[in-house]
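Student:
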Amino acid sequence: MDNAAIARTLEEVADLLEIQNANPFRIRAYRNAVRTIQTQTTPLARLLGAGRPLTALPGIGKEMASHIKEMVETGTLGYRDELLGEMPRSLIELMRLPSVGPKKAKKLWDELQISTVEDLEAAAKAGRIAGVPGFGEKTQQKILAGIHDHRQHSSRMLLADVEQIVDPLLEWLRQSPGLERLEVAGSYRRRRETVGDIDLLAVAKKPAAVMKHFLGHAWIEKVEMSGDTRASVILGSGLQVDLRAVPPESYGAALVYFTGSKEHNVKLRRRAVERGLRISEYGVFKVDPDDAEAEGEWIAGREEEDVYAAVGLAWIPPEMREDQGEIEASVIPGGKSAGKKSRLPRLIEQEDLKGDLHMHSTWSDGRNSIEEMVEACAARGYEYMVISDHSKALAMTNGLDAYRLREQWKEIDEVRARHPEIRILRSMEVDILADGSLDLEDEMLAGLDVVLISLHSRFDLPEAQQTERVLRALEHPEVSIFCHPTARLINRRRGVEMDMDVVLRRAAELGVAVELNSNPHRLDLRDSHLRLARELGCKVVISTDSHRTRELDLMRYGVDQARRAWLEPGNILNTLPYKELVKTIR
DNA sequence: GCCGTTTTCGGCCCGACTGTTTTCAGTCG
807 MDNAAIARTL EEVADLLEIQ NANPFRIRAY RNAVRTIQTQ TTPLARLLGA GRPLTALPGI
867 GKEMASHIKE MVETGTLGYR DELLGEMPRS LIELMRLPSV GPKKAKKLWD ELQISTVEDL
927 EAAAKAGRIA GVPGFGEKTQ QKILAGIHDH RQHSSRMLLA DVEQIVDPLL EWLRQSPGLE
987 RLEVAGSYRR RRETVGDIDL LAVAKKPAAV MKHFLGHAWI EKVEMSGDTR ASVILGSGLQ
1047 VDLRAVPPES YGAALVYFTG SKEHNVKLRR RAVERGLRIS EYGVFKVDPD DAEAEGEWIA
1107 GREEEDVYAA VGLAWIPPEM REDQGEIEAS VIPGGKSAGK KSRLPRLIEQ EDLKGDLHMH
1167 STWSDGRNSI EEMVEACAAR GYEYMVISDH SKALAMTNGL DAYRLREQWK EIDEVRARHP
1227 EIRILRSMEV DILADGSLDL EDEMLAGLDV VLISLHSRFD LPEAQQTERV LRALEHPEVS
1287 IFCHPTARLI NRRRGVEMDM DVVLRRAAEL GVAVELNSNP HRLDLRDSHL RLARELGCKV
1347 VISTDSHRTR ELDLMRYGVD QARRAWLEPG NILNTLPYKE LVKTIR
């Protein structure tokens, strides 16, 4: 079993235990193990094979290690099957419906033998749910609405799509009477590639007035709940928006809390408890040792920096708040007043980038001419840029053969003469053919300043074969950059199967860079692969793969993603000035 | 079930809103 399958199985155990009303800390132990496994870049089977103790991993103890060993060896987990003998697996899906949790799912099963969403819908429509103890008319209606939404909107929206909705919403909210501050928190602020819902945080002396103004927005289709400090609504687009209001002295604490992630917050709060403190969305409080129940003395919470400082930490950029070691890295040696620095990385910023290394023109499937692309890049202050049209195997994009490529070089020379303000590099996005050879003759490859290679076909090859194919392509001495390596499209196409560990290791040895494609549909490589690339010393480029001038602005999504992978300017090739770049790039 | 610069036992993050079980459990984030 691969890591993803192992994680899924343990997750299922956690869900089933939850329905069984097991010890909540035991359930949490399973979920912690799942997280550890999901973020593990090396296959657990390989660790086991090498005789490495799994218990060295955080959250993996004797029991989990033995579960994992069993799964690796037999491909299944007896304990999970045992639990499934007591209740159907489909109860887990019930539990995912809004207003249905583990307790209610169990009750539905015990009382009415309901185990699927379909059964539940039929029972609710027949009015049989309202009669179950603990349920009522309102819950029955909520369940029906929840089933509807569940079917309508099960996938998370792309960050870029959500931005289109959030911006006007913010503009509206800024007109609220008495509003002092407003921020988007949640996974949007952490710049995750997809967003499940929007968390808004407002500061106001009279929060009720802000809530009222918010609820008057025309896009709101349904109000899920509303109180003086919280409101939750569903927009016509299906997106859920939560607004919370806090007093000014709680702004920082609330922003930390609502930005998350949940795991980051848990660790932060645990750190507070170890220091006799308590962190909530209202602030950091000193716990009274004689009366742990009392509210305690408020000591911080106005700004995020104050909250982190109260537990001896430097402020952590939101993109890093995933409990991936950022809390440990943010420790300020000697405490907050020691004047020492934390080990947090200096994350890449868009201003660090000196050029865009992947874009198309009307020579293949781009919408703008070379000169228009050049002017647009120059307007963005870039020192250099790359023209990289498709190769002939991608006929549908009007890919170039050797003859047309030579013709293109003539045009590039002319544009170069007219635009001395920017360096224009000759390139091509060359298809990796099925056998790993490249879709352009060697002498033409040698005439390019930069050679990009990409997978655009045969995404379905088995892992071993796909890995071989890619390795062969990487070995070609002219290759500079491996673009959108997994070829995934978020919510639409899963990436190819290949052994990323092997591929990135070889790329690092050969000096081939890997692309972080900034297109919000791609964001390929993904965060965990980028972290692996960094660990292996493999260079990364952040490019837009633009097919029209305005797509050059997609670069910021790539930067967001790089920041989530802890990348610093030194990890990124296109932070280098032109002279250094041409020396470094293969 | 996991973990340990106060611990190998006794802890393990915090609060708002809703609906229903009239005093609070369940859900959610």
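Residue 1071 in our numbering sits at position 265 of the first sequence, with consecutive numbering throughout.
Glycine included, each C-beta is placed from N, C-alpha and C at the ideal position.
For clarity, every value in this text was computed on a predicted model and none was experimentally measured.
With DSSP run on the structure shown, which of helix, strand or coil describes A1223?
Tutor: Helix at A1223.
Student: So, are the CB atoms of D1255 and R1232 less than 8 Å apart?
Tutor: Cβ atoms of D1255 and R1232: closer than 8 Å.
Student: Please report how far the alpha carbon of D1005 lies from the alpha carbon of T842, in whole angstroms.
Tutor: When rounded, the distance between both Cα atoms is 26 Å.
Student: Please state whether DSSP places K1160 in a helix, a strand or coil.
Tutor: Three-state result, K1160: coil.
Student: Going by other Cβ atoms of all chains shown within 10 Å of its Cβ, with 16 needed for buried, is S1260 buried or exposed?
Tutor: Flag for S1260 reads buried.
Student: Exposed or buried, which one is A1371 when buried takes at least 16 other CB atoms within 10 Å?
Tutor: With 16 or more Cβ atoms within 10 Å of its Cβ, A1371 is classed as buried.
Student: Which one of A1223, L1200, V1221, G1033 has the shortest CA to CA distance from L1244?
Tutor: Considering only alpha carbons, the answer is L1200.
Student: So the alpha helix (DSSP H) E888 belongs to, where does it begin and stop?
Tutor: Segment 884–890, the alpha helix (DSSP H) holding E888.
Student: With C-beta atoms as the reference, is S1056 less than 8 Å away from G984?
Tutor: No, Cβ-Cβ distance for S1056 and G984 is not below 8 Å.
Student: Could you tell me whether the Cβ atoms of V1276 and V1309 are closer together than 8 Å?
Tutor: Contact: yes.
Student: Could you tell me if K1068 is buried or exposed, where buried requires 16 or more neighbouring beta carbons within 10 angstroms of its beta carbon?
Tutor: Exposed.
Student: Going by beta-carbon coordinates alone, are V1001 and L965 separated by less than 8 Å?
Tutor: Going by C-beta atoms, V1001 is nearer than 8 Å to L965.
Student: Leaving out the 5 sequence neighbours to the left and right, which residues in its chain are closer than 6 Å to A1135 when beta-carbon positions are compared?
Tutor: Closer than 6 Å at Cβ, skipping near neighbours: R1149, L1150.
Student: List the whole-angstrom C-beta distance separating T1065 from R987, where the pair is believed to meet the contact cut-off of C-beta under 8 Å.
Tutor: Wrong, their Cβ atoms sit about 14 Å apart, outside the cutoff.
Student: Based on the DSSP output, what are the partners of E989 in its beta bridges?
Tutor: In DSSP, E989 forms a bridge with L1007.
Student: Using only the alpha-carbon positions, how far apart do F1020 and G1042 sit?
Tutor: If you take the alpha carbons of F1020 and G1042, they lie about 15 Å apart.
Student: Under 7 Å Cβ to Cβ from R1354, same chain only, skipping five residues before and after it: list those, please.
Tutor: Closer than 7 Å at the Cβ level, and outside the excluded window around R1354, lie G1172, R1173, N1174.
Student: Taking just the CA atoms, how far does D1129 sit from D1096?
Tutor: Their Cα atoms are separated by approximately 32 Å.
Student: Less than 8 Å separating the beta-carbons of S993 and A1015?
Tutor: Cβ distance not < 8 Å, so S993 and A1015 don't count as in contact.
Student: Once DSSP output is grouped into helix, strand and coil, what is the label at N829?
Tutor: Coil.
Student: Within the chosen definition, does the segment 915–926 reach the segment 867–885 through at least 3 CB pairs nearer than 8 Å?
Tutor: They do not touch, by the three-pair rule.
Student: Out of A1319, R1229, P1291, I1218, state which residue places its alpha-carbon closest to the alpha-carbon of Y1190.
Tutor: Minimum Cα distance to Y1190 is reached at R1229.
Student: Excluding the five sequence neighbours on either side, which residues of its own chain have a C-beta within less than 6 Å of the C-beta of A820, listed in chain order?
Tutor: Answer for A820: I833, Y836, R837, listed in chain order.
Student: Quick one: what's got a C-beta closer than 6 Å to E969's C-beta in the same chain, skipping five residues either side?
Tutor: So the list is empty, once near-sequence residues are dropped.
Student: In chain order, what residues of the same chain lie with their CB nearer than 7 Å to the CB of R1434, ignoring the 5 residues before and after it?
Tutor: Look at the range of the chain in this structure, 807 to 1392, and you will see that residue 1434 is not part of it.
Student: Excluding five sequence neighbours on each side, which residues of the same chain lie with their C-beta closer than 6 Å to the C-beta of P1139?
Tutor: Answer for P1139: K1146, listed in chain order.
Student: Report the rounded CA-to-CA distance for R1077 versus E1101, giving the unit in angstroms.
Tutor: Computed Cα separation, rounded: 18 Å.
Student: Alpha carbon to alpha carbon, how far is L816 from I898?
Tutor: Distance between the alpha carbons of L816 and I898: 13 Å.
Student: Who pairs with K1028 in a beta bridge, going by DSSP?
Tutor: For K1028, which the question treats as bridged, DSSP gives the partners I1040.
Student: Mapping the DSSP letters down to three states, classify H1023 as helix, strand or coil.
Tutor: Reduced to three states, the DSSP call for H1023 is coil.
Student: What is the rounded straight-line gap between the Cα of R1081 and the Cα of L1119?
Tutor: Spanning the two alpha carbons is a distance of roughly 13 Å.
Student: Can you give the beta carbon distance from I1348 to L1322, rounded, assuming they're within the 8 Å contact cut?
Tutor: Going by Cβ atoms, the distance from I1348 to L1322 rounds to 5 Å, so yes, they are a contact pair.
Student: How far does the alpha helix (DSSP H) with A1106 in it reach, from first residue to last?
Tutor: From DSSP, A1106 is part of no alpha helix (DSSP H) but of the beta strand (DSSP E) over 1103–1106.
Student: Excluding the 5 residues preceding and the 5 following V840 in the sequence, name in chain order all residues of the same chain whose CB lies nearer than 6 Å to its CB.
Tutor: Cβ within range, chain order: A813, L816, E817.
Student: If you pair each beta-carbon of the segment 1202–1216 with each one of the segment 1154–1171, do three or more pairs fall below 8 Å?
Tutor: The segment 1202–1216 is in contact with the segment 1154–1171.
Student: Under a three-way DSSP split, which group does A911 fall into?
Tutor: Helix.
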